[in-house]
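Comments concern the structure below.
Protein chains: 2
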Amino acid sequence: MSLIVQKFGGSSVANAQRVKHVAGIIAEKYLEGNDVIVVLSAQGDTTDDLIAKAEEINDHASKREMDMLLSTGEQISVSLCAMALEAMGLPCVSLTAWQVGIQSTSVHSDARIKRIDSERIQSELDQHRIVIVTGFQGLDRNGDVTTLGRGGSDTSAVALAAAFHAELCQIYTDVDGVYTTDPRLVPNARKLDEITYDEMLELASQGAQVLHNRSVELAKKFHVNLEVLSSLEKKPGTTVKEVVKVEKTNIAGVAKDTSIARIALVGLQHNPGVAFQVFDLLSKSNINVDVILQSIGRQDSKDITFTVHKKDMAEAEKILNEHKEALKFDHLEDDDSIGKVSIVGAGLMSNSGVAAKMFEALYEAGINIQMINTSEIRVSVLLDENDVNKAVKAIHGKFFDEV
Amino acid sequence: MSLIVQKFGGSSVANAQRVKHVAGIIAEKYLEGNDVIVVLSAQGDTTDDLIAKAEEINDHASKREMDMLLSTGEQISVSLCAMALEAMGLPCVSLTAWQVGIQSTSVHSDARIKRIDSERIQSELDQHRIVIVTGFQGLDRNGDVTTLGRGGSDTSAVALAAAFHAELCQIYTDVDGVYTTDPRLVPNARKLDEITYDEMLELASQGAQVLHNRSVELAKKFHVNLEVLSSLEKKPGTTVKEVVKVEKTNIAGVAKDTSIARIALVGLQHNPGVAFQVFDLLSKSNINVDVILQSIGRQDSKDITFTVHKKDMAEAEKILNEHKEALKFDHLEDDDSIGKVSIVGAGLMSNSGVAAKMFEALYEAGINIQMINTSEIRVSVLLDENDVNKAVKAIHGKFFDEV
Numbered sequence: 001m002s003l004i005v006q007k008f009g010g011s012s013v014a015n016a017q018r019v020k021h022v023a024g025i026i027a028e029k030y031l032e033g034n035d036v037i038v039v040l041s042a043q044g045d046t047t048d049d050l051i052a053k054a055e056e057i058n059d060h061a062s063k064r065e066m067d068m069l070l071s072t073g074e075q076i077s078v079s080l081c082a083m084a085l086e087a088m089g090l091p092c093v094s095l096t097a098w099q100v101g102i103q104s105t106s107v108h109s110d111a112r113i114k115r116i117d118s119e120r121i122q123s124e125l126d127q128h129r130i131v132i133v134t135g136f137q138g139l140d141r142n143g144d145v146t147t148l149g150r151g152g153s154d155t156s157a158v159a160l161a162a163a164f165h166a167e168l169c170q171i172y173t174d175v176d177g178v179y180t181t182d183p184r185l186v187p188n189a190r191k192l193d194e195i196t197y198d199e200m201l202e203l204a205s206q207g208a209q210v211l212h213n214r215s216v217e218l219a220k221k222f223h224v225n226l227e228v229l230s231s232l233e234k235k236p237g238t239t240v241k242e243v244v245k246v247e248k249t250n251i252a253g254v255a256k257d258t259s260i261a262r263i264a265l266v267g268l269q270h271n272p273g274v275a276f277q278v279f280d281l282l283s284k285s286n287i288n289v290d291v292i293l294q295s296i297g298r299q300d301s302k303d304i305t306f307t308v309h310k311k312d313m314a315e316a317e318k319i320l321n322e323h324k325e326a327l328k329f330d331h332l333e334d335d336d337s338i339g340k341v342s343i344v345g346a347g348l349m350s351n352s353g354v355a356a357k358m359f360e361a362l363y364e365a366g367i368n369i370q371m372i373n374t375s376e377i378r379v380s381v382l383l384d385e386n387d388v389n390k391a392v393k394a395i396h397g398k399f400f401d402e403v
Numbered sequence: 001m002s003l004i005v006q007k008f009g010g011s012s013v014a015n016a017q018r019v020k021h022v023a024g025i026i027a028e029k030y031l032e033g034n035d036v037i038v039v040l041s042a043q044g045d046t047t048d049d050l051i052a053k054a055e056e057i058n059d060h061a062s063k064r065e066m067d068m069l070l071s072t073g074e075q076i077s078v079s080l081c082a083m084a085l086e087a088m089g090l091p092c093v094s095l096t097a098w099q100v101g102i103q104s105t106s107v108h109s110d111a112r113i114k115r116i117d118s119e120r121i122q123s124e125l126d127q128h129r130i131v132i133v134t135g136f137q138g139l140d141r142n143g144d145v146t147t148l149g150r151g152g153s154d155t156s157a158v159a160l161a162a163a164f165h166a167e168l169c170q171i172y173t174d175v176d177g178v179y180t181t182d183p184r185l186v187p188n189a190r191k192l193d194e195i196t197y198d199e200m201l202e203l204a205s206q207g208a209q210v211l212h213n214r215s216v217e218l219a220k221k222f223h224v225n226l227e228v229l230s231s232l233e234k235k236p237g238t239t240v241k242e243v244v245k246v247e248k249t250n251i252a253g254v255a256k257d258t259s260i261a262r263i264a265l266v267g268l269q270h271n272p273g274v275a276f277q278v279f280d281l282l283s284k285s286n287i288n289v290d291v292i293l294q295s296i297g298r299q300d301s302k303d304i305t306f307t308v309h310k311k312d313m314a315e316a317e318k319i320l321n322e323h324k325e326a327l328k329f330d331h332l333e334d335d336d337s338i339g340k341v342s343i344v345g346a347g348l349m350s351n352s353g354v355a356a357k358m359f360e361a362l363y364e365a366g367i368n369i370q371m372i373n374t375s376e377i378r379v380s381v382l383l384d385e386n387d388v389n390k391a392v393k394a395i396h397g398k399f400f401d402e403v
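Structure (structure tokens):
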């Protein structure tokens, strides 16, 4: 008998019909003889509705009280799902994060799971019950409810799979797996059967929406086998694991991100530590910096160019301008009409032809590259925002249509 | 500095505007220098909406899962109320029953409070925070969420007032106090300034909707001063306490109950213990019996007549007929078109003229009395259902208009 963790997102449990459908998927795994732990998000629009309720009263409510409010959403989901399983005559129990003992840090609205107590869930599994747990939430050392931030329910599922040494952690969603690129943009995008943790991490970081970084990092750390699959159609999804079986002959996928903006500090003096000063200032304001490029500029000065999230651009410029004298730069340039396209593949950088093939595709499509950035398994290029979709199609075609 | 417990019902927190209004009432007591513990019910129709959601999925869901679902309603209320107080710049914290440690029995949907841990609330009060607690719910020994059944939030408030030795427990509702009878029926019904626990208990038992029996019993047991008052209008309500100050010159009120049915077992043999057998059978099926009358019938047999809730009549008759041979009765009669009218007042039965005055009012109104039942502080009469409102008006007029 194996233990399986199954996670269903908000759209998968959006209404009574969907909840019953999900109960059917759970029942199938249970009746095959597996122990099953289920993790659920809040139903469809519930979280948005609760946020609207709060904003009617106080649009600067404390995060502690927002967590108290929002955590009701998953509690509603798990109890309704338990009722659907009860209607099928199956033994089950719904549990909140505090009942399980999902211990988290105290950073309300963005807490991290620290530890999961095993006692309650193990006792329910021992009684052959299907255990249905609220995703997205934890309990801090003060006994207060926390929420885990973006992708929180995926993280809850992976953490439970790690804590209970599950054979498999299935992430059910409204797509049927991880694709070589966005199928809405490139109709002949291919679903991947398998992908490595590192590839999935890079794809997630580079704009693929299907799994959140944190859950993949956790899965990699604890060697949790992940499967991304559809709650709507019954067919195999994509498995994420340490090493994939097949010899890799290609990249895993092409990702895009148009939520970024570029800032350039022009004419910095050659003082040691100036880069540190720049990024330390931004970091202290919780502004994440992505691609960084440093180049020799005119007259023995240098330029530092980097990207931030579009929403952070104004704030980043404000901070840098406030420290213009200390940083000693000449002027600041910005561009919020850029985008990033990346290819991801294990061993990509040790295979010299791969990056060249990407640049060739862009050249053939007549697209200018503004900046290039690479990791061990990824090559990213910065482009004009208007070229992004064209670039994805050209690169995807180059790698997947000509194979 | 005093400690005040304030409880607000579902209609008092039904929407954002009402929640803000309630926050204003709380703030006033807090800013006078009091410690304040607030107890809230679920907003307006929330509980009904959640029940509808459950019934779409499973109309025989377990009570354990229903409690899990319904308890989200109060959690939403308390977090929203905390946000409203935060918007006023007041220190506050919302707490669920499990965070407080409101320990209850495990009877889901009808649990009883066993004990309240004081640590968490005391620590919050010590930090001068307003504490906002979910009513209607508890935590059982298994770590599962329970709900307290009808009148549960009133009970939570009184239990907290008892545990923390509050000076006063204010029950805010949509009426402004306890009336001598239903003001919708008798426009010149009077609001009582004070009433004793016993009178309130009898009025509540006899159909007055304003406070639930269990909360009054608890208040009497732990000497909690209760005040029933309006959350809509700022004016004094009705105080419920052990002894009221003024010399009583009248009854406290007139109550009616049209939810009852009468069953008569006719021609029972004079066996000892037959009454016990009858009521033991009903009790084992959780059927509550109210007024009981035993009379000598024809030919040395006897009749036993009693009332049950209308919804239990068919079930009670089924059980009795199944045991007809053992109980040895001739036949069974029933009547579900009856009603009960009661007068309640401390020392009523030791004041011989009071019952007579009630019967006189009914006689003058041409109303037949079917059965009479009395306690130390109450006289109830069973009437034709169609006579109930006329009887209430006649009796109320006799006692309150002729003073």
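These protein sequences, in sequence, are chains A and B.
With the working numbering, letter number 376 in the first sequence gets 376, and the count goes up by one each step, no holes.
With the working numbering, letter number 10 in the second sequence gets 10, and the count goes up by one each step, no holes.
Note that beta-carbon positions come from the ideal geometry of N, C-alpha and C, so glycine has one too.
None of these values were measured; they are calculated from a predicted model.
- Uninterrupted alpha helix (DSSP H) stretches at least 4 residues long and entirely within the segment 42-106 of chain B occur at 46-57, 63-87 and 97-100, given in chain order.
- Annotation: the segment 110-155 of chain A contains the following complete segments of the beta strand (DSSP E) (minimum length 3 residues), in chain order: 113-116, 130-134, 137-139 and 145-147.
- Taking 8 angstroms as the threshold, the shortest C-beta distance from residue 56 of chain B to chain A falls below it.
- In chain B, no part has a C-beta under 8 angstroms from the C-beta of residue 380 of chain A; the shortest such distance is about 42 angstroms.
- Within the same chain, no Cβ atom closer than 6 angstroms to the Cβ of residue 31 of chain B is found once the five residues on either side in sequence are excluded.
- Looking at the backbone, the Cα of residue 43 of chain A and that of residue 308 of chain B are separated by about 42 angstroms.
- Looking at the backbone, the Cα of residue 48 of chain B and that of residue 74 of chain A are separated by about 19 angstroms.
- Annotation: residue 377 of chain B is outside any alpha helix (DSSP H) and is labelled neither H nor E by DSSP.
- Comparing C-alpha distances from residue 193 of chain B to each of B/226, B/1 and B/155 shows the shortest one belongs to B/226.
- In this structure, the CA atom of residue 271 of chain B is about 48 angstroms from the CA atom of residue 228 of chain B.
- Pairing residue 306 of chain A with residue 292 of chain A gives a Cβ-Cβ distance under 8 angstroms.
- Partner residues in the beta bridge of residue 342 of chain A, as assigned by DSSP, are A/255 and A/380.
- In the structure shown, the three-state DSSP call for residue 267 of chain B is strand.
- Residue 261 of chain A and residue 385 of chain A have their C-alpha atoms spaced approximately 10 angstroms apart.
- For a Cβ distance threshold of 8 angstroms, residue set 50, 53, 69 and 72 of chain B lies close to residue 76 of chain A, ordered along the chain.
- When the alpha-carbon of residue 400 of chain A is set against those of A/320, A/201 and A/253, the nearest one is in A/253.
- Contact check for residue 217 of chain B and residue 344 of chain B: beta-carbon distance about 15 angstroms, past the 8 angstroms limit, so the pair fails to qualify.
- Taking C-beta atoms as the reference points, residue 340 of chain B and residue 382 of chain B count as a pair closer than 8 angstroms.
- Between the alpha carbons of residue 26 of chain B and residue 6 of chain B lies a distance of about 8 angstroms.
- In this structure, the alpha-carbon of residue 159 of chain B lies about 21 angstroms from that of residue 70 of chain B.
- Taking every protein chain shown into account, the CB of residue 89 of chain A has fewer than 16 other CB atoms within 10 angstroms, so this residue is exposed.
- Chain B places a beta carbon closer than 8 angstroms to that of residue 143 of chain A, counting this residue as a contact.
- Contact annotation for residue 170 of chain B against chain A: no contact, minimum CB-CB distance about 22 angstroms [criterion: below 9 angstroms].
- In the DSSP assignment, residue 179 of chain B is bridged to B/191.
- If you look at residue 280 of chain A, you'll find it in the alpha helix (DSSP H) that goes 274-284.
- Residue 2 of chain B carries a coil assignment under DSSP once its states are collapsed to helix, strand and coil.
- Across the set B/263, B/304, B/319 and B/251, the C-alpha of B/319 shows the shortest separation from the C-alpha of residue 284 of chain B.
- Remark: C-beta atoms of residue 109 of chain B and residue 141 of chain B do not approach each other more closely than 8 angstroms.
- In this structure, residue 39 of chain A sits near residue 135 of chain A, with a CB-CB distance shorter than 8 angstroms.
- Taking a beta-carbon distance threshold of 8 angstroms, residue 376 of chain A does not count as an interface residue toward chain B.
- Segment contact: the segment 93-101 of chain B against the segment 118-137 of chain B, three or more CB-CB distances shorter than 8 angstroms; contact assigned.
- In the three-state DSSP reduction, residue 359 of chain B falls in the helix class (H, G or I).
- Listed along the chain, the chain B residues whose CB falls inside 7 angstroms of the CB of residue 20 of chain A are 57.
- Counting every other CB atom within 10 Å of its CB across the protein chains shown gives residue 8 of chain B a total of 16 or more, marking it as buried.
- Counting along the chain, residue 202 of chain A sits inside the alpha helix (DSSP H) bounded by residues 197-205.
- Judged by DSSP in its simplified three-state form, residue 243 of chain A adopts coil rather than helix or strand.
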